[in-house]
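Everything below concerns the one structure shown next.
2 protein chains.
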Amino acid sequence: MARSSDSNPAATPDGRSVTLNDVARAAGVSLVTASRALKKPALVSPATIEKVQRAVQATGYIPNLLAGGLKSNRSMTVAALVPYIAVPQFLPTLQALTETLDEAGYQLILGQTGYNRARENALLNTMITRRVDAIVFAGLLSPDAPLAQLTRLGIPVVETWDLTARPLDMLVGFSHTQVGSSVGGFFLKRGWRKVGIATADDERAMQRCQGFLSVMGDQVPVWKVKAPSTLAAGRHALAELLKREPKLEAVFCSSDGMANGLLIEARERGLRVPEDLAVCGFGDADFAAHLSPALTTVRVDGAEIGRQAARMVLARCRGETVPERVVDVGFRIIERASTGQAKD
Amino acid sequence: MARSSDSNPAATPDGRSVTLNDVARAAGVSLVTASRALKKPALVSPATIEKVQRAVQATGYIPNLLAGGLKSNRSMTVAALVPYIAVPQFLPTLQALTETLDEAGYQLILGQTGYNRARENALLNTMITRRVDAIVFAGLLSPDAPLAQLTRLGIPVVETWDLTARPLDMLVGFSHTQVGSSVGGFFLKRGWRKVGIATADDERAMQRCQGFLSVMGDQVPVWKVKAPSTLAAGRHALAELLKREPKLEAVFCSSDGMANGLLIEARERGLRVPEDLAVCGFGDADFAAHLSPALTTVRVDGAEIGRQAARMVLARCRGETVPERVVDVGFRIIERASTGQAKD
DNA sequence: TGCAGGCATGACAACGTTGTCATTTTTGGG
DNA sequence: CCCAAAAATGACAACGTTGTCATGCCTGCA
Chain V
0 MARSSDSNPA ATPDGRSVTL NDVARAAGVS LVTASRALKK PALVSPATIE KVQRAVQATG
60 YIPNLLAGGL KSNRSMTVAA LVPYIAVPQF LPTLQALTET LDEAGYQLIL GQTGYNRARE
120 NALLNTMITR RVDAIVFAGL LSPDAPLAQL TRLGIPVVET WDLTARPLDM LVGFSHTQVG
180 SSVGGFFLKR GWRKVGIATA DDERAMQRCQ GFLSVMGDQV PVWKVKAPST LAAGRHALAE
240 LLKREPKLEA VFCSSDGMAN GLLIEARERG LRVPEDLAVC GFGDADFAAH LSPALTTVRV
300 DGAEIGRQAA RMVLARCRGE TVPERVVDVG FRIIERASTG QAKD
Chain B
0 MARSSDSNPA ATPDGRSVTL NDVARAAGVS LVTASRALKK PALVSPATIE KVQRAVQATG
60 YIPNLLAGGL KSNRSMTVAA LVPYIAVPQF LPTLQALTET LDEAGYQLIL GQTGYNRARE
120 NALLNTMITR RVDAIVFAGL LSPDAPLAQL TRLGIPVVET WDLTARPLDM LVGFSHTQVG
180 SSVGGFFLKR GWRKVGIATA DDERAMQRCQ GFLSVMGDQV PVWKVKAPST LAAGRHALAE
240 LLKREPKLEA VFCSSDGMAN GLLIEARERG LRVPEDLAVC GFGDADFAAH LSPALTTVRV
300 DGAEIGRQAA RMVLARCRGE TVPERVVDVG FRIIERASTG QAKD
């Protein structure tokens with residue numbers, strides 16, 4: 000990868016790299032015209048465009064987005080801040096976000112907050128320094144975030160995967176409390192009273208937990224693990240919950256991976272699912288429907304969250320105002336075999 | 000998020016945003032000194048640094064990395080190109096890469112190639128346009144990639160998760176063919192002759208498949224699915240393989256998720272694992288050890304790949320030469336219950 | 001044929017920082 | 001107390017593009 004100075008089609012004779020200026024000279028037009036031919040072809044005659052494109056080929060010109068971004072103050076870059084890249088729930092969102100933005104020429108800059116407010120703020124500052132055109136955040140921003148900077152610079156912010164009446168700027172998500180109470184209601188309707196909850200300790204999972212407890216009562220045994228939750232944590236969770244409530248009838252898990260662990264642990268212990276123990280997960284991961292028994296879970300359209308967030312970001316980057324700044328994508332309990340048949 | 004012009008501590012009276020120039024003026028030093036105070040404190044007296052930092056506070060200065068990057072020709076940005084963000088195997092690599100680079104002030108720009116060479120090349124060009132300081136690629140670059148550009152600009156490239164004697168630039172990975180033949184050898188030693196392979200159709204999985212077949216023979220039934228493989232695909236795969244070879248003794252899967260599917264399907268069909276059917280996965284996902292039976296699989300240290308790639312990238316960005324341009328992180332077959340006890 | 005209006009192009013400055021070289025100030029040894 | 005060397009600071013230009021305004025040209029209509 001050494002920079003060869005001889006016979007290098009992308010370097011001018013004196014070694015500098017090829018700039019738009021060189022292209023313009025080669026095409027016999029002015030710098031501005033060359034710029035326009037490439038970026039705003041509508042303003043340039045077809046013949047000139049042709050000339051410029053030929054010159055681009057001949058010189059091996061490679062545009063420099065940094066330079067353009069400096070003047071136009073647009074980096075064509077969007078920051079995506081998540082706790083960890085590997086948190087399964089956010090993956091469809093990240094994927095859809097990346098794809099949708101890419102189609103519009105925007106790229107994603109990734110940041111991992113590690114469920115850590117200090118890092119979150121540090122990352123926000125980093126992204127501001129990079130003059131990202133927008134920020135998409137997994138969750139709600141903390142009140143002590145460097146909001147002032149964001150507001151100052153007018154950087155659009157989309158909070159996701161949560162719900163609040165007064166978002167910082169824009170929001171795409173759903174109510175975790177409501178998820179919890181819905182699952183609680185579902186359990187009640189099935190007549191289960193000896194229930195438990197196995198949950199990660201992140202903010203959103205705790206909201207689901209609270210919603211669940213608000214319906215099921217505070218005496219419900221709660222097994223809490225450090226986020227992100229795993230299959231192994233799920234196996235352990237069932238063991239712990241059974242210690243506290245040997246006659247456990249149903250468990251609500253804060254992720255499908257964890258629920259998968261519960262299914263496995265239940266089988267190991269000779270507990271039949273759903274006859275002896277019902278299990279409900281969260282997220283409707285791709286594998287949930289194919290477990291045995293198929294897993295009842297809460298479906299959230301993570302990809303849709305990503306698409307909507309991208310849509311909002313792009314609109315704002317085009318200078319439009321986004322009318323509905325809060326989008327509730329909702330959720331749905333998907334009943335499968337792990338909670339048996341409805342008895343009504 | 001409206002840009003308020005009044006009482007805005009980050010905007011000068013005339014509405015421009017605060018630049019280093021304003022800081023310098025406020026601190027009573029020159030522009031260059033202010034720059035150095037913030038970026039190269041070793042060259043500036045402590046008293047001046049103090050003054051400048053105070054001025055930064057007072058003015059609410061926010062640096063602009065784009066501007067600096069233009070002059071210094073360093074974007075403090077590294078591109079990571081993967082097939083899809085959600086491919087589980089790459090997640091630990093991405094996570095480690097992000098973390099390690101972040102510590103050095105570099106951020107990751109994400110690109111999804113979608114197992115598509117055309118998109119791959121388009122993305123490479125995009126990243127070059129963005130003047131990323133390096134590119135980390137999941138897999139090997141295709142020969143028709145815009146290599147010339149990369150070489151021209153001297154952009155460091157790290158190919159990962161594969162092995163070749165002559166990488167484009169640098170490489171961290173391991174031999175998939177060898178993985179396949181190792182697992183084949185392992186199966187042979189156990190005396191299994193009626194074996195099958197369930198594999199995704201991406202390049203690397205196909206290499207593992209070839210390695211496996213080179214040891215086990217070409218008559219082995221192969222069930223191929225579109226990458227990325229899933230649990231559902233695994234369930235289906237077992238059904239298909241049993242059609243072709245009803246007395247199947249062992250199956251090698253191209254991912255742990257797929258293997259999980261095989262375990263489930265086997266149980267559904269009343270096949271005991273490992274007594275009736277042995278299963279080996281690939282990747283040693285976090286759940287592999289906690290399945291029932293625990294899954295025999297091939298462990299690859301994905302996080303280490305990420306760290307090594309980051310190490311190489313950072314070294315090159317510091318202008319150092321990287322002596323060992325090819326790092327083989329190897330792999331290990333982790334024997335667990337899904338392949339039973341060794342009989343020797 | 002003359003002129004308004006639109007289209008195509010060009011000149012110039014600017015974006016906010018950093019590299020380079022020059023200059024001033026300080027320090028330490030004789 | 002002086003001078004050489006080092007430390008600290010400053011002036012200027014440059015990075016490569018785009019925004020703004022100005023200008024030349026041509027088309028079509030009166």
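One line per chain: the protein sequences are V and B, in this order. Under numbering that gives the first Met the number 0, the residue at position 277 of the first sequence is numbered 276, and the numbers go up by one with no gaps. Under numbering that gives the first Met the number 0, the residue at position 3 of the second sequence is numbered 2, and the numbers go up by one with no gaps. From the three backbone atoms N, C-alpha and C, an ideal C-beta is built for every residue, glycine too.
Mapping DSSP to helix, strand and coil, what is residue i?
| i | result |
| --- | --- |
| serine 16/B | strand |
| asparagine 7/B | Caution applies to asparagine 7/B, whose pLDDT of 44 falls short of 50 and renders its modelled position unreliable; the model cannot decide the point. |
| tyrosine 242/V | The question names tyrosine, but residue 242/V is lysine in the sequence shown. DSSP places lysine 242/V in helix when its eight states are reduced to three. |
| methionine 205/V | helix |
| leucine 162/B | coil |
| arginine 192/B | coil |
| isoleucine 360/V | Because chain V is modelled from 0 through 343, residue 360/V falls outside the range shown and cannot be assessed. |
| valine 157/V | strand |
| arginine 53/B | helix |
| leucine 152/V | helix |
| phenylalanine 173/V | coil |
| glycine 210/V | helix |
| isoleucine 134/B | strand |
| phenylalanine 281/B | coil |
| threonine 32/V | helix |
| methionine 0/V | Note on methionine 0/V: pLDDT 39, under 50, position unreliable in the model; the coordinate value appears next. Coil. |
| alanine 197/V | strand |
| lysine 39/V | coil |
To the nearest angstrom, how far is it from the Cα of residue i to the Cα of residue j?
| i | j | result |
| --- | --- | --- |
| leucine 313/B | leucine 212/V | 49 Å |
| tryptophan 160/B | valine 278/B | 23 Å |
| valine 182/V | valine 321/B | 55 Å |
| valine 43/V | alanine 54/V | 15 Å |
| alanine 78/B | alanine 117/V | 25 Å |
| alanine 302/V | alanine 231/B | 20 Å |
| arginine 151/V | glutamine 307/V | 24 Å |
| aspartate 76/B | proline 142/V | Looking at the sequence itself, residue 76/B is threonine, so the reference to aspartate does not match. Going from the Cα of threonine 76/B to the Cα of proline 142/V covers about 28 Å. |
| aspartate 327/V | alanine 164/V | 11 Å |
| asparagine 72/V | leucine 149/V | 15 Å |
| histidine 365/B | proline 166/B | As displayed, chain B neither begins before 0 nor continues past 343, which places residue 365/B out of reach and without an answer. |
| histidine 235/B | glutamate 274/B | 21 Å |
| glutamate 334/V | cysteine 252/V | 14 Å |
| proline 87/V | alanine 85/B | 8 Å |
| proline 145/V | glycine 138/V | 16 Å |
| valine 17/B | arginine 129/B | 25 Å |
| alanine 25/V | alanine 147/B | 21 Å |
| leucine 348/V | leucine 122/V | For chain V, the structure presents residues 0 to 343; residue 348/V sits outside this window and is missing. |
| glycine 210/B | glutamate 202/B | 12 Å |
| isoleucine 196/B | alanine 265/B | 15 Å |
| proline 8/V | leucine 237/B | The pLDDT assigned to proline 8/V is 49, lower than 50, so where the model puts this residue is not dependable, and the model offers no usable value. |
According to the Cβ coordinates, are residue i and residue j closer than 9 Å?
| i | j | result |
| --- | --- | --- |
| glycine 260/V | phenylalanine 286/B | yes |
| valine 219/V | valine 178/V | no |
| leucine 19/B | leucine 37/B | yes |
| valine 135/B | leucine 96/B | yes |
| glutamine 111/B | leucine 80/B | yes |
| proline 155/V | methionine 311/V | yes |
| methionine 169/V | arginine 315/V | yes |
| alanine 309/V | proline 82/V | no |
| valine 221/B | isoleucine 304/B | no |
| threonine 338/B | glutamine 106/V | no |
| threonine 198/V | arginine 207/V | yes |
| threonine 32/B | alanine 41/B | no |
| arginine 298/B | alanine 249/B | no |
- Task: Report the residue ranges of all alpha helix (DSSP H) runs contained in full by the stretch 67-120 of chain B; include only those spanning at least 4 residues, in chain order.
- Result: As far as the stretch 67-120 of chain B is concerned, its whole alpha helix (DSSP H) runs of at least 4 residues are 90-102.
- Between the stretch 37-64 of chain B and chain V, which residues of the former have a C-beta closer than 9 Å to a C-beta of the latter? Gly59, Ile61, Pro62, Asn63, Leu64
- Query: What are the residues of the stretch 246-261 of chain V that lie near chain B, defined by any Cβ-Cβ distance shorter than 8 Å?
  - Reply: Those residues of the stretch 246-261 of chain V that come within reach of chain B (Cβ to Cβ, closer than 8 Å) are Gly256, Asn259, Gly260.
- Item | Members of the stretch 216-248 of chain V that neighbour chain B once the beta carbon cut-off is set at 7 Å | Thr229, Leu230, Ala231, Arg234
- Selection of the stretch 277-308 of chain B by Cβ proximity to chain V, strictly under 8 Å: Asp285, Phe286, Ala288, His289, Leu290, Ser291
- Using Cβ-Cβ distances below 9 Å, what residues of the stretch 74-96 of chain B are close to chain V? Ser74, Met75, Thr76, Ala78, Ala79, Tyr83, Ile84, Ala85, Pro87, Leu90, Pro91, Leu93, Gln94
- Members of the stretch 119-140 of chain V near chain B, C-beta cut-off 9 Å: Leu122, Asn124, Thr125, Met126, Ile127, Thr128, Arg129, Arg130
- Members of the stretch 95-110 of chain B near chain V, C-beta cut-off 9 Å: Thr97, Glu98, Asp101, Gly104, Gln106, Leu107, Ile108, Leu109, Gly110
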